[in-house]
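**Q**
Residue numbers (this note's numbering): 7 to 312.
1) Return yes when the Cβ of residue 34 is within less than 8 angstroms of the Cβ of residue 249, no when it is not.
2) The beta strand (DSSP E) with residue 131 in it runs from where to where?
3) What did DSSP end up calling residue 246 once you bin it into helix, strand or coil?
4) Report yes or no: do the stretch 179-197 and the stretch 215-226 share at least 3 C-beta pairs separated by less than 8 angstroms?
5) Out of 257, 227, 263, which has the shortest C-alpha to C-alpha gap to residue 51?
6) For residue 304, name the three-state secondary structure that DSSP assigns.
7) Take residue 87 and list the residues in its own chain whose beta-carbon comes closer than 6 angstroms to its own, dropping the five residues that flank it on each side.
8) Let me confirm a value: residue 312 is counted as buried when at least 16 other C-beta atoms fall within 10 Å, else exposed. Which label applies?
9) With a threshold of 16 other CB atoms inside 10 Å of the CB of residue 99, please say whether the residue is buried or exposed.
10) List, from N- to C-terminal side, the alpha helix (DSSP H) runs of 4 residues or more that fit wholly inside the stretch 166-214.
11) Check the DSSP bridge columns for residue 20 and list the partner residues they point to.
12) With 16 as the cutoff for other CB atoms within 10 Å, does residue 181 come out buried or exposed?
13) What did DSSP end up calling residue 154 once you bin it into helix, strand or coil?
14) Which whole runs of the alpha helix (DSSP H) in the stretch 48-126 are 4 residues long or more, in chain order?
15) Residues in its own chain within less than 7 angstroms of residue 147 by CB, not counting five upstream and five downstream?
16) Could you name the residues of the same chain whose beta carbon sits closer than 8 angstroms to that of residue 254, not counting the 5 residues immediately before and after it, in chain order?
17) Specify the secondary structure class of residue 312 as computed by DSSP and reduced to three states.
18) On the criterion of 16 or more Cβ atoms from any shown chain inside 10 Å, does residue 317 qualify as buried, or is it exposed?
19) Per DSSP, what are the beta-bridge partners of residue 259 in this structure?
20) What does DSSP give as the partner residue(s) for residue 138 in the beta ladder?
21) Using a threshold of 8 angstroms, state whether the C-beta atoms of residue 30 and residue 238 are closer than that.
22) What residues in its chain sit with their C-beta under 8 angstroms from that of residue 36, if we drop five residues either side in the sequence?
23) How many angstroms separate the CA atom of residue 192 from the CA atom of residue 184?
24) Measuring only the C-alpha atoms, how far is residue 69 from residue 83?
25) Leaving out the 5 sequence neighbours to the left and right, which residues in its chain are closer than 8 angstroms to residue 123 when beta-carbon positions are compared?
26) Would you report the Cα separation of residue 32 and residue 73, rounded to the nearest angstrom?
27) Hey, is the stretch 288-308 in contact with the stretch 52-66, meaning 3+ C-beta pairs nearer than 8 angstroms?
28) Quick one: what does DSSP say residue 224 is sitting in, helix, strand or coil?
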């Protein structure tokens, strides 16, 4: 196995990780501040992807497509928070799971009604298409490098928002003691709507960015949502730093496992069997990683609550 292949797979793992971070950051923010299990978060990812594909098809502008994804997902998130989610804060987690699962069905059928059952395609902008040569003669797709850069920039901006702004102080205070900040005059309802819309916008942005390297179709958000839940369990619920580290671990585990495990089993069995066993274990590797982290640290790597 060549060193170039290993480096390419590491970059693929980082790219997958930063996209999972955009999903997981919004999810852990919503759960940490509101205590809400939101299964519909993957549907907001899908909304962003479809909004981007539709706007790009009409205008031909990828930048406008990204802005449309952010706006559509944030608007959809604020709308469902006001109309549905707000009634679930006092409910137990089972009620939250059932209600947000129903939202998945509503979003799926709504998108199918608007856009049809066939996939849409979002083209990579010409300026970002093609490979770029990295040190060592490695050729890697420019768009995937841009995805990594955007993900890191959004992560840095989110950290600044949470740690260095007045709004961030309110969000962190709401996570620790919502009754106290409400007593101090903070409109907790508006804060919750804003946090939910922010988390939705991050999911929509991830959907739009990934939509350019895969087809945009109904139900595309659910597999990513499962990985996002794994990320926040590994990183620790409510921790943005944990979401980032967990996302990178999951991304690298999935991509490198898909490369190294078939090679490892190929040392002992025939190539067809090695590929089958290696591919199966590679898909399990992230869950094995999650189990190992929970055995060592039940609250996750950066979690503070049991």
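Glycine is no exception: its CB is placed at the ideal position from the N, C-alpha and C atoms.
**A** According to the structure data:
1) yes
2) Here residue 131 belongs to no beta strand (DSSP E), and DSSP marks it neither H nor E.
3) Note: residue 246 maps to helix in three-state DSSP.
4) no
5) Comparing Cα positions, the closest option is 227.
6) coil
7) 199, 202
8) The pLDDT assigned to residue 312 is 46, lower than 50, so where the model puts this residue is not dependable; a value taken from the coordinates is nonetheless given after this. Answer is exposed; the Cβ neighbour count stays below 16.
9) exposed
10) List check, alpha helix (DSSP H) in window: 172-182, 184-189.
11) Answer is none; residue 20 lacks a bridge partner.
12) buried
13) helix
14) 68-89, 99-121
15) 137
16) 19, 20, 23, 24, 27
17) Any reading at residue 312 must be qualified, since the residue scores a pLDDT of 46, below 50, and its modelled position is unreliable; no value is offered.
18) With the chain running from 7 to 312 in the structure shown, residue 317 is simply not present.
19) DSSP, once it has assigned bridges, lists no residue as partnering residue 259.
20) 146
21) With respect to the 8 angstroms criterion, residue 30 and residue 238 are classified as neighbours on the basis of their beta carbons.
22) 42, 44, 47, 201, 202, 205
23) 9 angstroms
24) Taking the straight line from one Cα to the other gives about 21 angstroms.
25) 224
26) 17 angstroms
27) Touching, no.
28) coil
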